[in-house]
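One structure below.
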Amino acid sequence: MSMAAIDDYMTVSGKRYRVRYRLPDTRQASKGGFKTKRDAERWLHENEAARHRGEMLDPIAGKATVGALGAEWLASRAHLKPSSNSAYESAWRIHVEPKWGNRQVAGIRPSEVQAWIAELGAPSAVPEKRGPGRPRSSKGLSPTMVRRCHDIIAGVLDAAVSDGRISRNPARGAKLPRKTKRRHNYLTRAEVEALADAAGERGLIVRTLALTGIRWGELAGLNVGDVDLERRRLHIERTASRVDGYVQIGTPKDHEQRVVAFPASLADALREQVGDRSPDAILFPYSHGGHMVTPTVSEGSWYDRALAGAGLPPDVTIHDLRHTYASLAIRSGANPKVVQRQLGHASISQTMDTYADLWPDDLNAAADALDDMGFD
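Numbering-wise, the sequence shown is residues 455 to 830 according to the numbering used here.
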């Protein structure tokens, strides 16, 4: 039995059995708490079989806490975009570490993880800020945030499996809340112009977003040298994103640079915006210099005022201008592959899935085509 032995000992609850054995590196280890000798022998046989398969676990390593391994896991994600890292670090600090930080990875059960997921998404009672202590209802976390929290604990436990601390990940296989797909707002060409006019000096920003489909961070990251007025192209090489209160310059989404076209109607305005400035100058800077941040970060932004001035619903987000481009392009008969490249989607299927509602006539066309085949 490879230097293994079973002995008994007394506890306040009665006799218990302990297995003493050696790890592959010859260190001695033990596992106790078995109520019967048969249970101890069964575990010993399974442990010996795992040794021969090279799957033997180190019980000492399994005592590592989620808190200690979580810091390592977060550090291993340093290659990701700053905005993504910030979101995960925040979820770790607020939701994951307080719950699991002191727990040993070997002691976590699947049922506990599932119960925690349900708890995160459920409404809770929080103290009223004022008044005689009457609780008020608070919504649970969004499905996206719950999934992010699950990603973290599952990722930490994946690393524990890879390191031989536990045999399987108790977080995998958990039932997660479905992400609710937000309805896209599509503006007409006339509504784009109304919004741009209401935006005043920032009207070119509205038109550029709605008529090229680039993301806000991509527009904010544009330099003068990224504008090719002769070929009517914008070179998307960087993004300016607000992270933890500061604007950070990074690569575009999925780290993919691309070139997008802009319509002739924007050429004169962009030429004036470029002027005789240095190629390294920010194309759309703040009035005080520096990169602009998403205008919907605070209430009463210039974008909110422009929506009101144009008589548009307040739920039309700045990102809806990107969706508007897709709508205008598809309805004008643009090739879906061209739309994909313009938007910077990873695949044509992503474009088709995202904007499936813009091809409603295809359903009737497919059905009518069956009748057109005849009965021969």
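Positions of the beta carbon are idealized from the N, C-alpha and C atoms, including for glycine.
- The beta-carbon distance between Arg-692 and Thr-705, rounded to whole angstroms, is 7 Å. This is short enough to meet the 8 Å contact definition.
- Between the stretch 635-646 and the stretch 764-775, the count of C-beta pairs closer than 8 Å reaches three or more; the two stretches touch.
- Taken through DSSP and simplified to helix, strand or coil, His-745 comes out as strand.
- Looking at the backbone, the Cα of Pro-733 and that of Asn-677 are separated by about 6 Å.
- For Gly-487, there is no enclosing alpha helix (DSSP H); the residue is found in the beta strand (DSSP E) stretching over 482-488.
- Trp-554 sits away from Ala-613, with the two beta carbons spaced by 9 Å or more.
- Under the three-state reduction of DSSP, Leu-761 is assigned to helix.
- With the rule of 3 Cβ pairs closer than 8 Å, the stretch 538-553 does not count as touching the stretch 624-632.
- For Leu-665, same chain residues with a beta-carbon under 7 Å away, outside a window of 5 residues either side, are Phe-716, Pro-717, Leu-720, Tyr-779 in chain order.
- Lys-535 is classed as buried because its beta carbon has at least 16 other beta carbons within 10 Å across all chains shown.
- Assignment of Ile-514 by DSSP, reduced to helix, strand and coil, places it in the coil class.
- Look at the beta carbons and you see the stretch 483-496 touching the stretch 459-468: at least three pairs across the two are nearer than 8 Å.
- For Ala-515, same chain residues with a beta-carbon under 8 Å away, outside a window of 5 residues either side, are Asp-617, Gly-618, Arg-619 in chain order.
- Between the alpha carbons of Ala-652 and His-777 lies a distance of about 20 Å.
- Per DSSP, the continuous alpha helix (DSSP H) segment holding Arg-602 begins and ends at 597-616.
- Considering only Ile-571, Val-792, Leu-611, Ala-650, the residue with the shortest C-alpha distance to Val-600 is Ile-571.
- In this model, Arg-696 and Gln-558 are separated by some 36 Å (Cα to Cα).
- Selection Asp-461, Val-615, Arg-476, Asp-774 evaluated against Lys-517 yields Val-615 as nearest (Cα-Cα).
- With a 10 Å radius around the Cβ and a threshold of 16 neighbouring Cβ atoms, Ala-608 comes out buried.
- For Ala-494, same chain residues with a beta-carbon under 8 Å away, outside a window of 5 residues either side, are Ile-460, Tyr-471, Arg-472, Val-473, Phe-488 in chain order.
- Taking each of Trp-756, Ile-690, Ala-810 in turn and checking the Cα distance to Val-660, the smallest one comes out for Trp-756.
- In the structure shown, the three-state DSSP call for Tyr-740 is coil.
- C-alpha of Glu-502 to C-alpha of Ser-530: approximately 33 Å in a straight line.
- Where Thr-465 is concerned, the enclosing beta strand (DSSP E) starts and stops at 459-465.
- Gly-704 has Thr-693 as its beta-bridge partners, per DSSP.
- Excluding sequence positions up to five before and after Val-713, its CB lies within less than 6 Å of the CB of Arg-687, His-689, all in the same chain and listed in chain order.
- Following the DSSP letters along the chain, one finds Arg-563 in no beta strand (DSSP E), marked with neither H nor E.
- Secondary-structure assignment with DSSP links Arg-474 through a beta bridge to Ala-459, Ser-484.
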